[in-house]
Amino acid sequence: MEPPSSPSSIITAPPDCSETARKLAKLIVEAKTCRLALLHYDSASESMVEWCWPADCEGRKVPPSNLEKHHKEFDFRFPCCVCADGGGRGAYVEVAVYPWWNNTTNSNFWTARCASNKCGYEVKMDMYCQLAPLAAFPYPRRAMKNSESLLFD
Ligand SMILES: [Zn+2]
């Protein structure tokens with residue numbers, strides 16, 4: 001009688017999708033539950049790291065409502081979503097930052113969220129802005145377009 005073939009003899013095993021999904025879900029939970037900093041995906045370490053919040057001219061964190069404007073003028077990227085996983089070192093997928101209206105408090109709260117709505121990354125931003133307001137990073141200004149540089153001639 002033939003011995004049963006060992007599972008280790010299968011060389012071309014399909015990638016374990018559920019394993020990846022579990023890993024990503026864990027990373028997202030990590031970001032959602034971290035109270036100290038806004039975490040985003042780092043493709044170099046394949047883990048969640050603190051997002052360097054951009055600073056305004058006074059060195060304080062730019063409020064979420066101004067991030068879009070700041071993003072146009074300064075050279076920084078919105079947090080990276082876990083969709084970048086599997087893209088290799090240096091892969092970066094920017095999240096979308098947008099406001100949600102809260103009927104209970106009658107105010108907007110800002111959310112950083114997977115732009116393609118695929119992975120489930122979603123982090124509320126407001127509390128991090130109030131937390132350690134000076135833990136912000138001054139990004140360089142983006143290179144000016146020709147029309148803008150004319151103003152300074
Ligand atoms: Zn995503």
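Read in order, the letters of the sequence shown correspond to residues 1 to 153 in my numbering. Don't be surprised by glycine CBs; every beta carbon is placed ideally from N, CA and C. Because the structure is a prediction, the values reported are computed rather than measured.
When DSSP labels each residue in this structure, what does residue i get in the three-state scheme?
i	result
PRO64	helix
GLU50	strand
GLU58	coil
ASP42	strand
SER116	coil
ASP153	Bear in mind that a pLDDT of 43 at ASP153, under 50, signals an unreliable position, so the model cannot answer this.
CYS34	coil
VAL95	coil
THR20	helix
CYS81	coil
Which same chain residues end up closer than 6 Å to residue i when comparing Cβ atoms and leaving out the 5 residues on each side of it in sequence?
i	result
PRO133	ARG60, LYS61
ALA37	GLU50
TYR121	ILE28, CYS81, VAL82, CYS114
MET125	PRO64, TRP110, ALA112
Measure from the alpha carbon of residue i to the alpha carbon of each residue in the options, then state which is nearest.
i	options	result
VAL82	MET48, ALA135, THR111	MET48
TYR92	THR111, GLU58, CYS34, SER45	SER45
PHE154	GLU30, THR20, ASN66	Coverage of the chain is limited to positions 1 through 153, which leaves residue 154 absent and any answer about it impossible.
I'd like the list of long-range same chain contacts for residue i, defined as Cβ closer than 7 Å, with 5 residues on each side in sequence excluded.
i	result
CYS129	LYS61, PRO63, PRO64
TYR41	LEU27, MET48, CYS80, CYS81, VAL82, ALA84, ASP85
SER107	none
Please report the distance separating the alpha-carbon of residue i from that of residue j.
i	j	result
ARG77	HIS71	7 Å
ALA96	THR33	19 Å
LYS69	ARG142	12 Å
VAL123	GLU19	23 Å
Given residue i, which residues of its chain have a CB within under 8 Å of its CB, disregarding the five upstream and five downstream residues?
i	result
PRO140	PHE74, ASP75
GLY90	SER43, ALA44
So, do the region 22-39 and the region 95-102 have three or more beta carbon pairs nearer to each other than 8 Å? no
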